[in-house]
Amino acid sequence: MKKSTLSAVILATLTSGSALAAHTWVNEAGDSLTMDGRFDVRYQDKGEDHNGEWNSGSSRFGLKGVMGLDNGWTGFGHAEWGYNSGANGNNIYDRLLYAGVEHDKYGKIAAGTKQWSTFYDVAWYTDLGRVFGTRGSGVYNLADWGIASGAGRAENSITYRNSINDDISYGLTYQTTREDVALASNAEVTLKNGISASITYKGIEGVTLGASYLQNEISDIDGPVAGVNNGDHMRIMLLGANYTNGGFYAGATFHVGENWEAVSQGGEDVMMDTLGGEIYTYYHFENGLRPTFIYNYMEDRNNETNGYERQLIVPGVEYHFQKNKFLVWTEYQFDLGKDKEVAGKFENREDQFAAGIRYYF
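Counting the sequence shown from 1 gives a position; our numbering is that position plus 427.
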């Protein structure tokens, strides 16, 4: 089918109410375009003097394209945008943008301005909370929550993924130079030569084991910062496991970091060596009820700050009208740590509460 004809087909289906129910459009050659995303309406009380707010949470929408190529290759592209409204503000921002090729034998390679890094191939095991959690694995570090560092949605990156056999898979990520990276709130740096790798094993029924590693070189420090110098590296090693059996899921991760997290203290940013872990678990009953539980811990393992510590316990409950499709949820975060700076030292932060409605389309 000619490109102009394919464009006409896509346009026609986008304006058809019946076509929107499927979300995927396929042309005569087998090339496809898929639209997906979610609506997330949330109420959140952040404690302290916060009066509570309504916001759009993690609402997003995306487009995925797949095209058959010669000699067993497949081309693909993915773009995703987040949407802020209510107390979040009023804007649309980019979350993912990458494209690449894939082959059953030679693997999958992609390049993009933002894409999930191979470090996240293990970190996702415990990144399943609706709003709280994922504060002990090190995946969402620095001021932009793991984008510049490459732990989460890695910017300016190239990824390669493949498998050795049905049980063992591996991945590699390389990031080019990232400038003006905010550490906490006082200093910026340049990060160079970002490299990460992951390996996962699924040879035990219901169990996945994983390990990942990531590092960056720090240069061009601008602003008051303690704990690092130009030429130092930030590094993290993450181990993880998850187990699934019927309606039960449990995941755990544990990390050791060097110069990995930054916090603001006494008017300067402090880069600290970290140690931490996470547990996430749920049981999904046949009637749609899903109790959840999260535990997060992270500490400054070399005492480079004045007592910084994260320790969070988050019980929650969800009701799925349609499993993983339309649900209501609530989470309560008990903060037992000392991660709120007051006059140069760290104190306990008040507990938080959130509830919401989520619809995946």
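Where is the CB? At the ideal position from N, CA and C, for every residue including glycine. Computed from a predicted model, the values in this text were never measured in an experiment.
Would you mind listing the alpha helix (DSSP H) stretches within the region 444–481 that are 4+ residues and don't spill past its ends, in chain order?
-> Counting only runs of 4 or more, we get 444–447.
Exercise. Taking Cβ to Cβ, would you say Ile-706 is nearer than 8 Å to Thr-604?
Worked result: Your numbering for residue 706 matches position 279 in the sequence shown. Your numbering for residue 604 matches position 177 in the sequence shown. Ile-706 places its beta carbon 8 Å or farther from that of Thr-604.
Inset, instruction - With DSSP as the reference, please indicate the residues paired to Leu-524 in a beta bridge. - result: By one-based count along the sequence shown, residue 524 stands at place 97. According to DSSP, which records beta bridges pairwise, Leu-524 is partnered with Ala-506, Lys-541.
task = May I have the straight-line CA-CA distance separating Leu-490 from Gly-527, to the nearest angstrom?
result = Counted from its first residue, the sequence shown places residue 490 at position 63. Counted from its first residue, the sequence shown places residue 527 at position 100. When only Cα atoms are considered, Leu-490 and Gly-527 end up about 15 Å apart.
Taking the beta carbon of Phe-748 as the centre, do at least 16 other beta carbons fall within 10 Å, making it buried, or is it exposed? Taking the sequence shown and counting its residues from 1, one reaches residue 748 at position 321. Classified as exposed, Phe-748 has fewer than 16 neighbouring CB atoms from the shown chains inside 10 Å of its CB.
What are the boundary residues of the alpha helix (DSSP H) that Ala-550 is part of? Within the sequence shown, residue 550 is the residue found at index 123, counting from 1. Its alpha helix (DSSP H) spans residues 547–550.
| Among Gly-630, Arg-557, Ala-575, which has the Cα closest to the Cα of Asp-593? | Reading the sequence shown from its first residue, position 166 is the one you call residue 593. That would be Gly-630, whose Cα lies nearest to the Cα of Asp-593.
* **Proximity winner among Arg-662, Lys-767, Asn-714, Ala-611, relative to Gly-734 (alpha-carbon distances)** => The residue you call residue 734 lines up with position 307 of the sequence shown. Checked all of Arg-662, Lys-767, Asn-714, Ala-611; the closest Cα to Gly-734 is Lys-767.
Below 8 Å CB to CB, which residues in the same chain sit around Ala-448 once its five sequence neighbours on both sides are set aside?
Looking up residue 448 in the sequence shown gives position 21. Here Ala-448 scores only 41 on pLDDT, less than 50, and its place in the model is too uncertain to base an answer on.
Let me make sure I understand the geometry here. Which of Ser-625, Val-608, Ile-591 has the alpha-carbon closest to that of Tyr-601? To locate residue 601, count along the sequence shown from 1; it is residue 174. Residue Ser-625 is the option with its Cα nearest to Tyr-601.
- State the Cα-Cα distance for the pair Tyr-628 and Ser-596, rounded to the nearest angstrom. Numbered from 1 along the sequence shown, position 201 holds the residue referred to as residue 628. Numbered from 1 along the sequence shown, position 169 holds the residue referred to as residue 596. The straight-line gap from Cα to Cα measures roughly 7 Å.
| field | Beta-bridge partners of Asp-727, as assigned by DSSP | value | Taking the sequence shown and counting its residues from 1, one reaches residue 727 at position 300. In the DSSP output, where bridge partners are listed per residue, Asp-727 has Thr-701.
Verify whether the separation of the beta carbon atoms of Gly-658 and Asn-643 is less than 8 Å.
-> As a position in the sequence shown, residue 658 is number 231, starting the count at 1. As a position in the sequence shown, residue 643 is number 216, starting the count at 1. The answer is no: Cβ separation not under 8 Å.
Query - According to DSSP, residues forming a beta bridge with Trp-500 - result: Within the sequence shown, numbered from 1, the residue matching residue 500 stands at position 73. For Trp-500, which the question treats as bridged, DSSP gives the partners His-530.
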